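Engineer: Chains as they are written, first to last, in this note's numbering: chain A, 825 to 902; chain B, 224 to 922. Have a look at this one before I ask anything.
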Amino acid sequence: MQTTIHSLKKGQKAIILDFDIDIIPLKLLEMGCLPGNEVELLQVAPFGDPLYLDINGSHLAIRIETAKQIEIELIKNK
Amino acid sequence: MSLKNINVALIGNPNVGKTSVFNQLTGLNQQVGNYPGITVEKKMGFCKLPNNIKANILDLPGTYSLNASSIDESVVIELLLNKNDRLYPDVALVVTDVENLKRNLLLYTQIKDLEIPTILVINMADRMEQKGISLDIPYLEEHLKTKIALISSRKGHGIEELKNLIISYKTISSEPCLNASVIDVEYFNSLRQAFPNQLLYKLWLVITQDVNFLNLERNEIRSSFTKSHSDLKRLQQKETIKRYQFINEVLKEGLKIDSSVAKDFRSKLDRVLTHKVWGYLIFFIILFVIFQSIFQWSKIPMDFIDSTFATLSTLAGEHLPAGMLTDLISQGIIPGIGGILIFIPQIAFLFLFISILEESGYMSRVVFLMDKIMRRFGLSGKSVVPLISGTACAIPAIMATRNIENWKERLITILVTPFTTCSARLPVYAIIIGLVIPDTYVLGVLNVQGLTLMLLYVIGFAMAIFSAYILNIILKVKGKTFFVVEMPNYKLPMFKNVAINVVEKTKAFVSGAGKIILAISIILWFLASYGPGKEFKNAEKIILENSKAHPLTETEFHNAVASQKLENSYIGLMGRGIEPIISPLGYDWKIGIAIISSFAAREVFVGTLATIYSVGGTDNETTIKNKMAEEVNPETGQKIFNFGTGISLLMFYAFAMQCASTLAITKKETNSWKWPAGQLLFMSTLAYLVALIAFQILK
Numbered sequence: 825m826q827t828t829i830h831s832l833k834k835g836q837k838a839i840i841l842d843f844d845i846d847i848i849p850l851k852l853l854e855m856g857c858l859p860g861n862e863v864e865l866l867q868v869a870p871f872g873d874p875l876y877l878d879i880n881g882s883h884l885a886i887r888i889e890t891a892k893q894i895e896i897e898l899i900k901n902k
Numbered sequence: 224m225s226l227k228n229i230n231v232a233l234i235g236n237p238n239v240g241k242t243s244v245f246n247q248l249t250g251l252n253q254q255v256g257n258y259p260g261i262t263v264e265k266k267m268g269f270c271k272l273p274n275n276i277k278a279n280i281l282d283l284p285g286t287y288s289l290n291a292s293s294i295d296e297s298v299v300i301e302l303l304l305n306k307n308d309r310l311y312p313d314v315a316l317v318v319t320d321v322e323n324l325k326r327n328l329l330l331y332t333q334i335k336d337l338e339i340p341t342i343l344v345i346n347m348a349d350r351m352e353q354k355g356i357s358l359d360i361p362y363l364e365e366h367l368k369t370k371i372a373l374i375s376s377r378k379g380h381g382i383e384e385l386k387n388l389i390i391s392y393k394t395i396s397s398e399p400c401l402n403a404s405v406i407d408v409e410y411f412n413s414l415r416q417a418f419p420n421q422l423l424y425k426l427w428l429v430i431t432q433d434v435n436f437l438n439l440e441r442n443e444i445r446s447s448f449t450k451s452h453s454d455l456k457r458l459q460q461k462e463t464i465k466r467y468q469f470i471n472e473v474l475k476e477g478l479k480i481d482s483s484v485a486k487d488f489r490s491k492l493d494r495v496l497t498h499k500v501w502g503y504l505i506f507f508i509i510l511f512v513i514f515q516s517i518f519q520w521s522k523i524p525m526d527f528i529d530s531t532f533a534t535l536s537t538l539a540g541e542h543l544p545a546g547m548l549t550d551l552i553s554q555g556i557i558p559g560i561g562g563i564l565i566f567i568p569q570i571a572f573l574f575l576f577i578s579i580l581e582e583s584g585y586m587s588r589v590v591f592l593m594d595k596i597m598r599r600f601g602l603s604g605k606s607v608v609p610l611i612s613g614t615a616c617a618i619p620a621i622m623a624t625r626n627i628e629n630w631k632e633r634l635i636t637i638l639v640t641p642f643t644t645c646s647a648r649l650p651v652y653a654i655i656i657g658l659v660i661p662d663t664y665v666l667g668v669l670n671v672q673g674l675t676l677m678l679l680y681v682i683g684f685a686m687a688i689f690s691a692y693i694l695n696i697i698l699k700v701k702g703k704t705f706f707v708v709e710m711p712n713y714k715l716p717m718f719k720n721v722a723i724n725v726v727e728k729t730k731a732f733v734s735g736a737g738k739i740i741l742a743i744s745i746i747l748w749f750l751a752s753y754g755p756g757k758e759f760k761n762a763e764k765i766i767l768e769n770s771k772a773h774p775l776t777e778t779e780f781h782n783a784v785a786s787q788k789l790e791n792s793y794i795g796l797m798g799r800g801i802e803p804i805i806s807p808l809g810y811d812w813k814i815g816i817a818i819i820s821s822f823a824a825r826e827v828f829v830g831t832l833a834t835i836y837s838v839g840g841t842d843n844e845t846t847i848k849n850k851m852a853e854e855v856n857p858e859t860g861q862k863i864f865n866f867g868t869g870i871s872l873l874m875f876y877a878f879a880m881q882c883a884s885t886l887a888i889t890k891k892e893t894n895s896w897k898w899p900a901g902q903l904l905f906m907s908t909l910a911y912l913v914a915l916i917a918f919q920i921l922k
């Protein structure tokens, strides 16, 4: 199923598919947010934003407005 | 053989323990300064290596890559691209964290492309077993074309081996470990042909980065090889992907993680510290403890310093040969220096708490916790760090806004940070609270003076937030908005790092503020000891004339002469000139002088009063506080520092923009005089109005 990081639930993992390169900051790419890499939602801040993610082994937090721009495909639970 | 020191540059991502490696290599042998023209901290140190070889160690600012997004990061690129720089490294140490090796290696592959001999330092090796990580060092060395130092800067392991590697830097490969130019063969080939003598990766950085390059003809390179912003970014993405592909391949063989071993301490702690109730509760308890302890714990050393300087001043006055110079020393310089040294304990405590919060990784959780709330006021979660460190000093706090990516959020943070109660306000608060607030307890444990101080912090913070809210509505600034914050591992703060940080920051603060205060105290002393007119010159005669009817005792006569002189000295005339403006706030002309002189720096207030009262009085033995408490209005006979005046002063200092250095840093960081001028005008007006209202209600 194709969706964005925004709709991940806590503990869910997914693979990054694509995003609009003009919107996503280079710094995020350098931290490992690249197509094909794995992303997991670790925590959601109180009030629902920002999101605390594990992207390709890097632990970082981004805001929902950015998370909405990153398309992902959920990894099915085995 | 030449005896030139080896230049070593420490490069690495934030949160990899780079500073601990620096501290391990240099011990206390380090200097902290600034890069010329900019306020990026430059840390240099010296290290003795085996075989009598010495090295200059340069600790470069932490950066995630060579694509700069802040001035701190630009410093790294500018140095590495300029072979003629005095500090250009003979060898680069790229410091990485074994748990974040994949991400940390991105920067490493970029440094390798600059063809500098590079040693890969893998830090935090002591955590490998606990995390189930194993490394194939020979394999990694072969594919990454380097020598690896596996160290633990926390435990001091592997430092000697690292030193030995540094000595043999000439044998270390300076060859790139991958060819990133395959991402656009045609483009890079034509670039290579046009500039055959330049490194390809250097050219690429010149094209993509917005930094100063001394030795490359940037315009020429740019004009013929420019691309649209979006095309460049696409290429940069390809480059990043290419580099990660390489890193993933190497690590597939070279790094094994047995995930069953990893215990998840981190996620458990995260769950509590970022919890919607516990998270905020813990944060506020931490703040509360910090502020109560700053006031309570610093009290004893502060009283000690205060009385020491009072004694010193008396001793100097008694034992040095009488004369102008002695007066200058005992009444100008010693009270002036005392006025600044007195707040060493509080500054040291503040820096101690702040560096513990940062070192432990907790600060990032606060950023995460506060982002949504702060955004409502036009700020970012990252504004919390400047606002908290602003309680130490607004200058480093404003510099700490550099990692706020969004310009509007950053600008607002810069503009409102000076409202937070910095340590320079503390001596003013401390002395006035001591004078007008009773030293009693409520509920048995809460000290009323401590509570008042905390209330002042709350007021400062609330005003910062409120102004941010207003500015967010008024300011029309457009900028890219994004927010990325790394959530580092929790670490037990290292004593050595924290101690060095506290000592360095306190030293810088005292010497910076000390120079201003010393100069101002000397000027003040002159202005207070000399006057223009007959009223000053003939003070003795005038007093004698006036008191013919009621002869005075010797002490009374001395005091009367001294105050006649002070009133008619240069400073007295200035002070009385502004009295009409400040008397509605409840201040006399002496306070007025202190307020004027403290526009250079707030802490000057106490020093100024100390100097003025030392010149005015004959009795040197009491401390500044006692002198202030005894000060009486000659017309009404009431105490000058009564409740109304005290509260009015507290309010004035809570809001007034009285710090020349903060204005200078605001100008530097915003690149315009418009913002510091606005800051000065807005904050001073607000301070005056609030102090006016406070006094008129309470008098």
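No residue lacks a Cβ here, since even glycine has one placed at the ideal position from N, Cα and C. Source: prediction; values computed, not measured.
Within this structure, are the beta carbons of residue 579 of chain B and residue 721 of chain B separated by less than 7 Å?
Structural biologist: Yes, the Cβ-Cβ distance between residue 579 of chain B and residue 721 of chain B is below 7 Å.
Engineer: Are at least three pairs of beta-carbons, each pair with one atom in the stretch 612-630 of chain B and one in the stretch 875-888 of chain B, less than 8 Å apart?
Structural biologist: In short, these stretches touch, since the Cβ pair count reaches three.
Engineer: Can you have a look at residue 900 of chain B and say buried or exposed, based on whether 16 or more other CB atoms are within 10 angstroms of its CB?
Structural biologist: Looking at its Cβ environment, which holds fewer than 16 other Cβ atoms inside 10 Å, residue 900 of chain B is exposed.
Engineer: DSSP state of residue 902 of chain B, grouped into three classes?
Structural biologist: Helix at residue 902 of chain B.
Engineer: At 4 residues or longer, and completely inside the stretch 821-895 of chain B: list those alpha helix (DSSP H) runs for me, N to C.
Structural biologist: With a minimum length of 4 residues, the continuous alpha helix (DSSP H) runs that stay inside the stretch 821-895 of chain B are 827-839, 847-853, 866-878 and 883-893.
Engineer: On the CB-based measure, 16 or more other CB atoms within 10 Å of its CB, does residue 297 of chain B come out buried or exposed?
Structural biologist: Residue 297 of chain B is buried by the Cβ-count criterion.
Engineer: If I'm right that residue 295 of chain B touches residue 233 of chain B with Cβ under 8 Å, what's the distance once you round it to whole angstroms?
Structural biologist: Contact doesn't hold; Cβ gap of about 14 Å is too wide.
Engineer: In three-state terms, what does DSSP make of residue 845 of chain A?
Structural biologist: It is coil, neither helix nor strand.
Engineer: Can you name the start and end residues of the beta strand (DSSP E) that residue 876 of chain A belongs to?
Structural biologist: Its beta strand (DSSP E) spans residues 875-879.
Engineer: Run down chain B in chain order and give the residues with a C-beta less than 8 Å from the C-beta of residue 862 of chain A.
Structural biologist: Those within 8 Å of residue 862 of chain A in chain B number zero; the least Cβ separation is about 12 Å.
Engineer: Considering Cα atoms alone, identify which of B:428, B:634, B:466 and B:461 is closest to residue 448 of chain B.
Structural biologist: Among B:428, B:634, B:466 and B:461, the Cα nearest to that of residue 448 of chain B is on B:428.
Engineer: Locate the alpha helix (DSSP H) running through residue 597 of chain B, then write down its first and last residues.
Structural biologist: 585-598 is the extent of the alpha helix (DSSP H) around residue 597 of chain B.
Engineer: From residue 795 of chain B to residue 905 of chain B, what does the alpha carbon distance come to, in whole angstroms?
Structural biologist: Residue 795 of chain B and residue 905 of chain B: Cα-Cα distance of roughly 28 Å.
Engineer: Residue 280 of chain B: which of B:251, B:768, B:238 and B:507 sits nearest, CA to CA?
Structural biologist: It is B:251.
Engineer: Identify the continuous beta strand (DSSP E) that holds residue 883 of chain A and give its terminal residues.
Structural biologist: Residues 882-886.
Engineer: Rounded to whole angstroms, what's the CA-CA distance from residue 900 of chain A to residue 686 of chain B? Just pull it up for me.
Structural biologist: Going by the C-alpha atoms only, they are around 50 Å apart.
Engineer: Roughly how many angstroms lie between the CA atoms of residue 591 of chain B and residue 873 of chain B, to the nearest whole one?
Structural biologist: Spanning the two alpha carbons is a distance of roughly 33 Å.
Engineer: Give the interface partners of residue 451 of chain B over in chain E, defined as CB-CB distance under 9 Å, in chain order.
Structural biologist: Although the question refers to chain E, the structure presented lacks it and instead comprises the protein chains A and B.
Engineer: The beta strand (DSSP E) with residue 315 of chain B in it runs from where to where?
Structural biologist: Taken as a continuous stretch (DSSP letters only), the beta strand (DSSP E) holding residue 315 of chain B covers 314-320.
Engineer: From B:851, B:768, B:509 and B:856, pick the residue whose C-alpha is nearest to that of residue 806 of chain B; which is it?
Structural biologist: For the residues B:851, B:768, B:509 and B:856, the minimum Cα distance to residue 806 of chain B belongs to B:856.
Engineer: Chain B partners of residue 885 of chain A, CB-CB under 7 Å?
Structural biologist: Chain B residues near residue 885 of chain A: 591, 708 and 710.
Engineer: Which term fits residue 873 of chain A, buried or exposed, when burial requires 16 or more other beta carbons within 10 angstroms of its beta carbon?
Structural biologist: So residue 873 of chain A counts as buried.
Engineer: With which residues is residue 270 of chain B paired in a DSSP beta bridge?
Structural biologist: DSSP output for residue 270 of chain B lists B:278 as bridge partner(s).
Engineer: Given that residue 869 of chain A touches chain B, what residues does it touch there, using C-beta distances under 7 Å?
Structural biologist: What residue 869 of chain A touches in chain B: 497, 591, 592, 594 and 595.
Engineer: Assuming residue 322 of chain B and residue 712 of chain B form a contact by the criterion Cβ under 8 Å, report the distance between their Cβ atoms to the nearest whole angstrom.
Structural biologist: Their Cβ separation, rounded to whole angstroms, is 7 Å, which keeps residue 322 of chain B and residue 712 of chain B in contact under 8 Å.
Engineer: Contact criterion: CB-CB distance below 7 Å. Does residue 316 of chain B meet it with respect to chain A?
Structural biologist: No, its Cβ sits nowhere closer than 7 Å to a Cβ of chain A.
Engineer: Along the chain, where does the alpha helix (DSSP H) containing residue 700 of chain B start, and where does it finish?
Structural biologist: Looking at the DSSP string, residue 700 of chain B is not in any alpha helix (DSSP H), and its letter there is neither H nor E.
Engineer: Candidates B:889, B:868, B:715 and B:894: which alpha carbon is nearest residue 914 of chain B's?
Structural biologist: Of the listed residues, the one whose Cα sits closest to residue 914 of chain B is B:868.
Engineer: Give me the Cα-Cα distance between residue 651 of chain B and residue 642 of chain B, rounded to the nearest whole angstrom.
Structural biologist: Each residue's alpha carbon lies about 15 Å from the other.
Engineer: Excluding sequence positions up to five away, which residues of its chain have a Cβ less than 7 Å from the Cβ of residue 406 of chain B?
Structural biologist: Here the set comprises 458, 461, 462 and 465.
Engineer: Would residue 456 of chain B pass as an interface residue toward chain A - the criterion being a Cβ-Cβ separation below 7 Å?
Structural biologist: Interface residue, yes.
Engineer: Quick check on this structure: which residue in A:865, A:882, A:881 and A:852 has the alpha carbon closest to the alpha carbon of residue 829 of chain A?
Structural biologist: Out of A:865, A:882, A:881 and A:852, A:865 has the C-alpha closest to the C-alpha of residue 829 of chain A.
Engineer: From this set, B:318, B:696 and B:870, which residue's C-alpha is nearest residue 921 of chain B's C-alpha?
Structural biologist: The shortest C-alpha separation from residue 921 of chain B is found at B:870.
Engineer: How far does the alpha helix (DSSP H) with residue 471 of chain B in it reach, from first residue to last?
Structural biologist: Residues 452-477.
Engineer: How should residue 818 of chain B be labelled, buried or exposed, when 16 other C-beta atoms within 10 angstroms of its C-beta is the threshold for buried?
Structural biologist: Classification of residue 818 of chain B: buried, given that the 10 Å Cβ count is 16 or more.
Engineer: Taking Cβ-Cβ distances shorter than 9 Å, what residues in chain A pair up with residue 464 of chain B?
Structural biologist: Per Cβ cutoff of 9 Å: 853, 858, 859 and 860.
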